[in-house]
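Worksheet for the structure shown next.
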Amino acid sequence: MNKRLKIKKPRIPKLPKIKRAHKIIQNDVPGTLTYTGFKEQKHVSVELIDYSPNTYTAITVDDVSKAFNKQLPGDISWINVNGLSQIDQIEKLGQHYNLHPLILEDIVDTNQRPKIDEYPDYLFIVFKMLYYDEHGTFMNEHISLVLGENFLITFQEADGDVFDSLRQRIANAKGRVRNAGSDYLMFAIMDAVVDHYFTLIEAMSDRIESLEDILFANTADQDITQDIQELKREILRLRKAVFPFREVVNRLEKIDSTLIDEKTITYIRDLYDHVTQVTDSIDIYREMTWGLMDMYMTTISNKMNEVMKVLTIMASIFIPLTFMAGIYGMNFDYIPELHFKYGYFYLWGAMIAVFIGLLYYFKRKKWL
Amino acid sequence: MNKRLKIKKPRIPKLPKIKRAHKIIQNDVPGTLTYTGFKEQKHVSVELIDYSPNTYTAITVDDVSKAFNKQLPGDISWINVNGLSQIDQIEKLGQHYNLHPLILEDIVDTNQRPKIDEYPDYLFIVFKMLYYDEHGTFMNEHISLVLGENFLITFQEADGDVFDSLRQRIANAKGRVRNAGSDYLMFAIMDAVVDHYFTLIEAMSDRIESLEDILFANTADQDITQDIQELKREILRLRKAVFPFREVVNRLEKIDSTLIDEKTITYIRDLYDHVTQVTDSIDIYREMTWGLMDMYMTTISNKMNEVMKVLTIMASIFIPLTFMAGIYGMNFDYIPELHFKYGYFYLWGAMIAVFIGLLYYFKRKKWL
Amino acid sequence: MNKRLKIKKPRIPKLPKIKRAHKIIQNDVPGTLTYTGFKEQKHVSVELIDYSPNTYTAITVDDVSKAFNKQLPGDISWINVNGLSQIDQIEKLGQHYNLHPLILEDIVDTNQRPKIDEYPDYLFIVFKMLYYDEHGTFMNEHISLVLGENFLITFQEADGDVFDSLRQRIANAKGRVRNAGSDYLMFAIMDAVVDHYFTLIEAMSDRIESLEDILFANTADQDITQDIQELKREILRLRKAVFPFREVVNRLEKIDSTLIDEKTITYIRDLYDHVTQVTDSIDIYREMTWGLMDMYMTTISNKMNEVMKVLTIMASIFIPLTFMAGIYGMNFDYIPELHFKYGYFYLWGAMIAVFIGLLYYFKRKKWL
Amino acid sequence: MNKRLKIKKPRIPKLPKIKRAHKIIQNDVPGTLTYTGFKEQKHVSVELIDYSPNTYTAITVDDVSKAFNKQLPGDISWINVNGLSQIDQIEKLGQHYNLHPLILEDIVDTNQRPKIDEYPDYLFIVFKMLYYDEHGTFMNEHISLVLGENFLITFQEADGDVFDSLRQRIANAKGRVRNAGSDYLMFAIMDAVVDHYFTLIEAMSDRIESLEDILFANTADQDITQDIQELKREILRLRKAVFPFREVVNRLEKIDSTLIDEKTITYIRDLYDHVTQVTDSIDIYREMTWGLMDMYMTTISNKMNEVMKVLTIMASIFIPLTFMAGIYGMNFDYIPELHFKYGYFYLWGAMIAVFIGLLYYFKRKKWL
Amino acid sequence: MNKRLKIKKPRIPKLPKIKRAHKIIQNDVPGTLTYTGFKEQKHVSVELIDYSPNTYTAITVDDVSKAFNKQLPGDISWINVNGLSQIDQIEKLGQHYNLHPLILEDIVDTNQRPKIDEYPDYLFIVFKMLYYDEHGTFMNEHISLVLGENFLITFQEADGDVFDSLRQRIANAKGRVRNAGSDYLMFAIMDAVVDHYFTLIEAMSDRIESLEDILFANTADQDITQDIQELKREILRLRKAVFPFREVVNRLEKIDSTLIDEKTITYIRDLYDHVTQVTDSIDIYREMTWGLMDMYMTTISNKMNEVMKVLTIMASIFIPLTFMAGIYGMNFDYIPELHFKYGYFYLWGAMIAVFIGLLYYFKRKKWL
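Protein chains in written order, with UniProt numbering: chain C, 1 to 368; chain L, 1 to 368; chain A, 1 to 368; chain Y, 1 to 368; chain V, 1 to 368.
In structure tokens:
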């Protein structure tokens, strides 16, 4: 995942269409598990990280049941499940940890917007991991998180995430994480996701700037509307993912739960500030993007103006001259000028005078 | 009804006009029953489903009075009335269940926006079932629901609905419904309606995409404004139906009523999340649709630019050439060039030079 | 009044200007009575309806003092005053019923926006009766209402209102009104006014549809901007009248006053739903109307496009042909083609080829 | 001041620029007095009106100290200070009445937006008096007001105000003012200012109507954008002055202060209604003004359309005709038609046929 | 810094691009210090001002440790740290004053939006100092502030600020500052920053006016869209800095902290008024700027109209005249007019008549 992060500036033209993010399945029995995403993965891979200030083990298994009862007493256990299409695995895990059926439904329902639910024994949080994949496509991955007394379960649609740096910090006992509880681990995960939102914000800022440069350089062609519309759509999707998430963090800050330590609240408050920065930026880039369309319209109009000017100048100069030539191409029996000795040259003189007069007129109008 | 659901992608052009949804009847005595919809149905059909964990009966009768007193003790009874134009039937039912006159008025008033009213013995909820009918027309059906201790009455404008899957779940004792109370049945009905809203959202998304494709392919003709305006209108109507319904669900979640079990509240909270997803999507599609009009404007302007360019190039090239030919069509007694041996060919040379010069100029301007 | 209601669809073009609704009178002593409307009426007409479940009398007098002390004990008395320009009459009534000077000022101040004021002995409500008059002009009549223990006073600017149906219900003891108190009468009056708002909403919907039809039929001329602007203005005025009225009804629903019976609250809640429907519709029609202007812009642009195309085709085809003819109209001593046997016909061949080539080009561009 | 009020309809074109309303002075010590307005007045003029139900004296002095200790016991004293550029005078007054340094700063800071500050012994209110001066320029005068137990001090930037009618009412013991306390005097002053806002609203309404008339009459020239932009700016400035003032009045209504009598609250509530009417109107006129720009755009487009049509018709008709004439001006040795007996007249026939055909075509297109 | 303030009116065209304000650093351990700004400064410079009503010392050192323990008992100590790129210095200071790791992170994180955090022993506030630098570039400097019992620490990205006037006031014991606590010093610093916001507001107002003048003078060229877009962007950035700062001041006013004296609250309330004035102005200038784009569009359209008119007039006059000349250039054997004695002059007469007729027509259309 970390590698993908490097692709900060996707080439603007010809972004692949954002695929519809979800399948629509209807008339289900409420509480039925149906995976609605597109990332079918044949086997779930379950990652189990068990740690305390002094101990650390990390294993990866291919069936959730193999991850049960491995937790040492006093340790914090992080169970990370990749792959939501294996419904039976999710159900097994739900039974083991005694999760409400609606939670299981939300874990596999990629339509679910960010939210937080409080249950007596655990907190359930849904949010979105956003990134550009290796093709520069805007991806939207559904993440759920169950916080218990001394464990944390995360659910992702597929392998690959933004948590590698966090894993290393746990392995190397760097930072506060090994000395804190599962609530701090939860914060660290959400913090990694929010940190990543900034990358997206940056990429958008870069794209807006490229589009502006194209517009200012006056080399815009029609494809630019498509890019602007694409950008609008991404910003709208980003808003849809981030704005409810801010509410989630806000509620988390104010929550009255024994699961969350007072010290961690300070960190969550900080996280809230970060998410607010993201939402502020989204709104600014939104306005900028909407403004791009206006700029494009004026660019088109300016171009048309230029085309019109050339036409007007050419036509206005040569139409009267042609008329003058036409006059002396007539076959009247008696046209005195035709017989003037220098008639032809007089006419040229008159034509040049008209030509210069019109040029001067257009010059004064600043059309030349 | 289920079959109609398949028509997810109505052909975009030439959607029939949305008929005005209601008749306007004025200066009624408050509490008077007047059906304001257009779905006149000669006979009501009353469906009676009576169930408990162990028992199940379902009958359909053509007069409400035949449905009274059929409920077994301890059972949950779902009375579904199709057809609101038979006022006397509604009144009979109102008397039997002792419903407030204003409730009866709201049941037949298809103008009524989604709302929830609490009465000592029952809850009254109004909402809208939305779907595309077999002709691809956007339909808006008025549904009311009365929740009592152990019964639930639903009122629909006409036969056909989105509850077939729910009926089967009751018949086959699938899911939680047979083991839960009338409040869960109410939830299941509202859930089916909300699930169906997603279909509409999908259809809109598809139509926006088709319109965008048309715009990007640059094959838009005038009819597209009509489609966009149509789409705007549908989105506005959808908003009008869904946004107040979200408030209804929100209030239902917070209600303090003995009619609603604590366990069901969890399900209603989930329903609230779903409705919020619908409203979020509506707002996004709304912005996208508004943006389509801007895109169409730039498309028109770009086309005009192209037309202008062809005209400018043709006129600018041939007008000076015609002038040159006109010069030598004059009948002056003395025009020296006319008597040059290769005068005609010199002129052709000059004309070709002008031609190439102008072509080069337009090339440099990127008009060619 | 009822007859005017029939004029649901005013002819769109040439609506008379909405006259400024109020005179502006400045620097008054607060509490001074000044009628600010335009409906000067020489005599007030005072209608007195006195009723109980068993009794009913209705008289009309031309001086308020004649209406005092006619109320039978135990009866409900409705005093309806038509004509606000006779200040002394209003003052007499104010003294008799001991009304606060500011109330009297608000009664005659047609500028006053809808509001509700609570006084120890009575409630004072201001709202607006809106209708199209016989000329299709949008009219805005100022109505005030004083609710006392067993009486209700209404003030209107002029004769003619929307309460005829209510009067008949009282006379014929139809509906609940004869058996309920003055608070229900107040509700019935407000209900009649709100019912009438729907007529306006309908008329607006019709006008928007006519304008859309005109726009789609592509027969729009310049007058349409005037109609759209007119419509915008009416919608804005409607908003100004209805939105504060919704607040009034909302506050009325929550009021803690002995004047209003618990049973009537249910009706007022229903009224609130109706007003909300009106405000919802206003906002939708507002967006539709704003959209009309955009549609008109694209219509204009499309027309210009069409004009440009005809010009481009005509000019692009005939300008080169004329050039060809000009070539062979030159008088050079030696132009070989002129002496070819079939030169003239060869040229025609060439011209026809150019003609067909250009036609084909425009065909391919879809301009034909 | 009253005379200026008559100038309700300033001539629209060429309004003088609104001068920047304030000097910007930076890095002051907080609490330093600096007059930031432009109305330098060499001497302050202090008006002292002392009254009770039975007594009344009014004097004008040129130094604040001369106004001290003139108040009779039991009287209400209104001290009106005109001219804020004499800082020392303001300071003297501040010392005498023991005003907080920040209050003194706000009195002379014309940048200060409308606000209300509560102090233990007095209320401090800032608002704006708006009017068109004799040149039709939109003026914005800064007014401050200190309400004490039995005195009221008002501060204005310069001589001339909208309170003449109020002064007369005090002098002539007309209305409630002589019998009420200093709180009612405060209300009367604010009421006079708000009454005056209506005049501005009217003038704006008139200007919008004139602009609309110009647009509908299709005689708009470029200057109109300037007028619209000017109007937008004035509306924005009006909003800036009136919207915070509404908040001030709202807070005043709800204030818990011994300085304000219960009876006066009723009047303040009424004042709040009036200010709300002003803000409602501002928002309506704002939308109307924004709409004017759209209308102007369609006017321009319509004009361009008309210009295009004339060009298209003239060119399309005469270009083919000229081509026909060009054909028979060629000098081929053999052009059979030239030798037809009536060739010339046949050609005229053909030309007239083309002419009529094109006219008919344009007629059918409704371009003629 | 004070000198830069003089640059109130930056030359409009060709403002350098606003550089992206921050580096994006990802996946940090929360609480890690990383300076994200661009103002790398090799050494921090620490300014220490120690004062009481009677004492005053000011020293500048190049290492924070040299500033510790210099505070006299009973004195107020202001430690101003310039330069955030020396992380170790910030950490040393953090240890000495026992600051929370997240505070240290926010001090160096220039991305951080304005905020206030309460800790048991101190208040932490972040805000932005905005100014145009000597090149007219819009600069955004990150400032943090820690308020303790009797000390105040400020952190700036680089040397140079807007506090020189404040320093002098402390040195010269001018104003209230020497007699008040550290809370008043905090207020004075924030006040200086807000005072400076007004300069920016002024500069924006000037730029909008210049742009309007250019638009009205009709000399706008394409660069103006770039200027308008630039202005939009600056206004959006200003909003992003000032709006959250208003919230900070608002919360500061309502804070319940022993660190802030009751007397200072009055000053903070005043500060809040000032910030609100800034935000009001930003919103007005925002609307004005958005309006500029519309004005530019109409300017372009008007220009195109003018170009079209010249073309239409020239073409419409000379095309029919050329046709007339073409007629008599034909070589038919028999064209009677050619042999009229004054045929040539008759034709000139006809041509002049056509010429005058068309001129008259255009005159009447007001195109001339």
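For every residue, glycine included, the Cβ atom is placed at its ideal position computed from N, Cα and C.
{"Item": "The beta strand (DSSP E) that contains Leu123 of chain A, what's its start and end?", "Value": "123 to 132"}
{"Item": "With DSSP run on the structure shown, which of helix, strand or coil describes Met351 of chain A?", "Value": "helix"}
{"Item": "Three or more beta-carbon pairs under 8 Å between the segment 104 to 117 of chain V and the segment 239 to 251 of chain V, yes or no?", "Value": "yes"}
{"Item": "Within 9 Å of any Cβ in chain Y, is that where the Cβ of Asp117 of chain A sits?", "Value": "yes"}
{"Item": "Between which two residues does the beta strand (DSSP E) carrying Val146 of chain V extend?", "Value": "138 to 147"}
{"Item": "Along chain L, which residues have their Cβ under 7 Å away from the Cβ of Ile143 of chain C?", "Value": "Residues of chain L passing the Cβ test: none, with the nearest at roughly 16 Å."}
{"Item": "Assuming Phe151 of chain A is part of the alpha helix (DSSP H), what are its boundary residues?", "Value": "Segment 151 to 156 is the beta strand (DSSP E) holding Phe151 of chain A; no alpha helix (DSSP H) there."}
{"Item": "Helix, strand or coil for residue 391 of chain L? Go by DSSP, reduced to three states.", "Value": "Look at the range of chain L in this structure, 1 to 368, and you will see that residue 391 of chain L is not part of it."}
{"Item": "Could you give the DSSP three-state label for Ile300 of chain Y: helix, strand or coil?", "Value": "helix"}
{"Item": "Measuring CA to CA, which of L:Glu306, L:Asp191, L:Asp195, L:Ile284 is closest to Ile235 of chain L?", "Value": "L:Ile284"}
{"Item": "Does the Cβ-Cβ distance between Leu238 of chain L and Leu292 of chain L come in under 9 Å?", "Value": "no"}
{"Item": "Would you give the residue range spanned by the alpha helix (DSSP H) that Ser165 of chain A belongs to?", "Value": "164 to 171"}
{"Item": "Specify the secondary structure class of Lys42 of chain L as computed by DSSP and reduced to three states.", "Value": "coil"}
{"Item": "What residue from A:Gly329, A:Lys309, A:Val242, A:Trp348 has the CA that sits closest to Leu130 of chain A's CA?", "Value": "A:Val242"}
{"Item": "Identify whether Ser85 of chain V lies in helix, strand or coil by the three-state DSSP scheme.", "Value": "coil"}
{"Item": "State the beta-bridge partners of Lys254 of chain L as determined by DSSP.", "Value": "According to DSSP, which records beta bridges pairwise, Lys254 of chain L is partnered with nothing at all."}
{"Item": "Can you tell me which of the three DSSP states Lys23 of chain Y falls into?", "Value": "Model confidence at Lys23 of chain Y stands at a pLDDT of 44, short of 50, so the residue's coordinates are unreliable and nothing is read from them."}
{"Item": "Is DSSP giving Ile49 of chain V helix, strand or coil here?", "Value": "strand"}
{"Item": "If distances are taken between C-alpha atoms only, which option among Y:Asp75, Y:Ile79, Y:Lys92, Y:Ile59 comes closest to Leu33 of chain Y?", "Value": "Y:Lys92"}
{"Item": "Cutting at 6 Å between CB atoms, please list the residues of its own chain near residue 382 of chain V, excluding the five before and the five after it.", "Value": "Limits of chain V in this structure are 1 at one end and 368 at the other, which puts residue 382 of chain V out of reach."}
{"Item": "For a test of the three-state rule: what should DSSP assign to Asn69 of chain V, helix, strand or coil?", "Value": "coil"}
{"Item": "To the nearest angstrom, how far is the alpha carbon of Arg11 of chain A from that of Asp206 of chain A?", "Value": "Unreliable placement is indicated for Arg11 of chain A, whose pLDDT of 35 sits below 50; no coordinate value is reported for it."}
{"Item": "What's the C-alpha gap between Tyr361 of chain L and Met330 of chain V?", "Value": "35 Å"}
{"Item": "How many Å lie between Asp50 of chain A and Ala158 of chain A at the Cα?", "Value": "21 Å"}
{"Item": "Rounded to whole angstroms, what's the CA-CA distance from Pro53 of chain A to Pro73 of chain A? Just pull it up for me.", "Value": "13 Å"}
{"Item": "Given a cut-off of 9 Å, decide if Tyr122 of chain V and residue 425 of chain V are closer than it, judged by their beta-carbon atoms.", "Value": "Nothing can be reported for residue 425 of chain V, as the shown portion of chain V is limited to 1 through 368."}
{"Item": "Is Met204 of chain C near Thr298 of chain L, with beta carbons less than 9 Å apart?", "Value": "no"}
{"Item": "Listing by chain order, which chain V residues have their CB less than 7 Å from the CB of residue 381 of chain Y?", "Value": "An answer regarding residue 381 of chain Y cannot be provided, because it is not within the stretch 1 to 368 covered by chain Y."}
{"Item": "For Tyr35 of chain C, I'd like the list of residues in its chain whose CB is within less than 6 Å of its CB, leaving aside the five on either flank, ordered along the chain.", "Value": "Leu84, Ser85, Val108"}
{"Item": "Taking the C-alpha atoms as reference points, what is the distance between Glu209 of chain L and Ile79 of chain L?", "Value": "41 Å"}
{"Item": "State buried or exposed for Leu368 of chain V, treating a residue as buried only when at least 16 other CB atoms are found within 10 Å of its CB.", "Value": "exposed"}
{"Item": "For Gly349 of chain L, count the other beta carbons within 10 Å of its own beta carbon; 16 or more makes it buried, fewer makes it exposed. Which is it?", "Value": "exposed"}
{"Item": "Drop a sphere of 10 angstroms on the beta-carbon of Ile356 of chain C, count the other beta-carbons inside from all chains shown, and report buried for 16 or more, exposed for fewer.", "Value": "exposed"}
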